[in-house]
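Structure record follows, encoded as structure tokens.
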Amino acid sequence: MTKGKKRLDFEDRFTTLIDRCDLDDSMKTHYLKMKFTDEVRNIIAYQQELPAPNDYDKWLALHRKLATNLEERDCATRPPSGGGSASTERTVSQGGNAMDLDAMSALDVSLARMIDKAVIDYRVQNN
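Taking my numbering, I'd label the letters of the sequence shown as residues 3 to 129.
Right, here's the structure in full:
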């Protein structure tokens with residue numbers, strides 16, 4: 003089971019259990035936010051507009067949206083499941099220049115794609 007699938011399954015289990023409790027929306031939101039993963043919390047920190055603290059339905063929708071986005075990102079950065087293995091050894095071509103783009107391995111390229119867009123935007127805005 004992938005991380006994204008676990009995130010979405012969490013939401014289903016959480017809503018089933020929290021609906022059994024007699025809680026108001028602010029308490030439901032409190033318990034939902036306590037269960038967010040660090041990855042989801044980090045992304046929420048970069049959101050410009052957040053739902054009201056007692057708007058449980060909007061917080062749940064935000065979690066669903068972020069979980070879906072993270073799943074799509076995980077799928078896009080996951081290496082293809084073929085029989086061959088990508089070489090993790092970095093080689094430097096023609097003269098030993100470490101900045102030579104020909105020397106970049108497939109692993110280096112996939113790691114560069116994993117950088118979160120929100121982090122890049124934040125760093126661009128804040129130098």
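For glycine and all other residues, C-beta sits at the position ideal for the given N, C-alpha and C. None of the values given here were measured: they were computed from a predicted structure.
Counting other Cβ atoms within 10 Å of its Cβ, Tyr124 stays below 16 and is therefore classed as exposed. Of the residues assessed, Leu72 falls on the buried side of the cut-off, its CB having 16 or more other CB atoms within 10 angstroms. In the structure shown, Thr39 falls within a coil segment according to DSSP collapsed to helix, strand and coil.
Using a Cβ distance threshold of 8 Å, Leu25 and Leu62 do not count as a contacting pair.
At the C-beta level, Asp11 and Thr31 stay beyond 8 Å of one another.
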